[in-house]
Amino acid sequence: MNAQMMNLVISLGAMQVARKIPFDDPIVLNYVRIAYVGVQLAILGVYYYISTVVKKKNDQAVLKYVEPASPMSQDEPKLVTTTVRDYDLAEVSKLLRSAYMGIAMMAFMHGYLKYTQPLFIQSLMGLKGLFDAKPIAVHLLGKPATGDLARPWKAASMFGAATGPQTDAASIAEAEKKVGAKQE
């Protein structure tokens, strides 16, 4: 089962459990709020720690790949040349932005709209997100960067194989030819 389907299953299960929690009780609600804030602080702390680990490793190995064009645009795929360090820091930055957006949405939903169940659900989903994050698997859990963890990381799709950058030599050579032709 891929990560997207697992997220859906966990969300649906958490919704069923959340129905049984008495959010009308102010003590229970405060415990759920404390748990949510604690989980979010832990997530931000882990991402900060991962960024310091990446900076400390300072892996300057060159990473080349072809970033696919957006499906709705007329742009061509573009060649990206970076280092492992910069790539990993960019991926951690994406994870941080995602966490900040989730916190902002939850602040609006709970603070303004007074929804309480999403606090519980997002606490669980935040922990699941930590478990699924590839920079954490590589830098914190010490898994080798091979197979699914080989850079550049592909995004899991809900309906099939993972999609993402192309790393085969033919795609890179073709992108380099296009870049060379544009420069002339």
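When the sequence shown is numbered by my numbering, its final residue is 314 and no position is left out of the sequence of numbers.
We treat Cβ as the ideally placed atom computed from N, Cα and C, and that holds for glycine.
Exercise. Relative to the alpha-carbon of S208, which residue among K194, N188, D216, R215 has its alpha-carbon at the smallest distance?
Worked result: For this step, residue 208 is matched to residue 78 along the sequence shown. Here residue 208 is Lys; the residue named in the question, Ser, does not match the sequence. Comparing Cα-Cα distances from K208 to each of K194, N188, D216, R215, the minimum goes to K194.
Exercise. Buried or exposed: which applies to S253, given that a residue is buried once 16 or more other Cβ atoms fall within 10 Å of its Cβ?
Worked result: Position 123 of the sequence shown, counted from the first residue, corresponds to residue 253. Flag for S253 reads buried.
Exercise. Out of curiosity, what's the CA-to-CA distance linking V167 and H269?
Worked result: Residue numbering aside, residue 167 sits at position 37 when the sequence shown is read from its first letter. Residue numbering aside, residue 269 sits at position 139 when the sequence shown is read from its first letter. Near 24 Å, if we compare the C-alpha coordinates of H269 and V167.
For this session: Pick out whichever of A144, N188, G277, M202 has its Cα sitting closest to the Cα of Q247.
Result: Sequence index remark: in the sequence shown, residue 247 carries index 117 (1-based). Restricting attention to A144, N188, G277, M202, the CA atom closest to the CA of Q247 is found in A144.
For this session: Return the chain-ordered ranges of every alpha helix (DSSP H) run that is complete within the stretch 226-279 and spans a minimum of 4 residues.
Result: The DSSP assignment places 247-262, 264-269 as complete runs of the alpha helix (DSSP H) inside the stretch 226-279, in order along the chain (cut-off: 4 residues).
Problem set entry | Buried versus exposed, by CB contacts within 10 Å (16 or more), E221 | What you label residue 221 is simply residue 91 of the sequence shown in a count that begins at 1. Counting C-beta atoms within 10 angstroms of its own C-beta, E221 has 16 or more neighbours from the protein chains shown and is therefore classed as buried.
Exercise. What is the C-beta distance between P265 and L226, in whole angstroms, given that I count them as a contact (C-beta under 8 Å)?
Worked result: As a working note, residue 265 is residue 135 in the sequence shown. As a working note, residue 226 is residue 96 in the sequence shown. P265 to L226, Cβ: 11 Å. No contact.
Problem set entry | Span of the alpha helix (DSSP H), counted from its first residue to its last, around T182 | Position 52 of the sequence shown, counted from the first residue, corresponds to residue 182. 156-187 is the extent of the alpha helix (DSSP H) around T182.
Exercise. When you compare each of P274, S301, I251, L271 to K150 by their alpha carbons, which one comes out closest?
Worked result: The count along the sequence shown starts at 1 and reaches residue 150 at position 20. Cα-wise, what sits closest to K150 is I251.
For this session: Please classify A218: is it buried, with 16 or more other beta-carbons within 10 angstroms of its beta-carbon, or exposed?
Result: Mapped onto the sequence shown, residue 218 falls at position 88. Checking the displayed sequence, the identity of residue 218 turns out to be Asp instead of Ala. Buried, by the Cβ-count rule.
Exercise. Looking only at DSSP bridge pairs, what is N209 linked to?
Worked result: In the sequence shown, counting from the first residue as 1, residue 209 sits at position 79. Before going further, note that residue 209 is Leu rather than Asn in the sequence given. According to DSSP, L209 bridges with V196.
Exercise. Who are the Cβ neighbours of G294 in its own chain at under 6 Å, not counting the five residues just before and after it?
Worked result: Position 164 of the sequence shown, counted from the start, is the residue given in the question as residue 294. Sequence-distant Cβ neighbours of G294 in its own chain, meaning closer than 6 Å and more than five residues away, are K284, A285.
Exercise. Along the chain, where does the alpha helix (DSSP H) that runs through G143 open and close?
Worked result: Here residue 143 is taken as the residue at index 13 of the sequence shown, counted from 1. In this chain, the alpha helix (DSSP H) harbouring G143 covers 133-150.
Exercise. Rounded to a whole number of angstroms, what is the C-alpha to C-alpha distance between A267 and T182?
Worked result: What you label residue 267 is simply residue 137 of the sequence shown in a count that begins at 1. What you label residue 182 is simply residue 52 of the sequence shown in a count that begins at 1. Roughly 15 Å separates the two Cα atoms.
Problem set entry | Three-way DSSP call (helix, strand, coil) for A285 in this model | Mapped onto the sequence shown, residue 285 falls at position 155. Looking at A285 - three-state DSSP - the assignment turns out to be strand.
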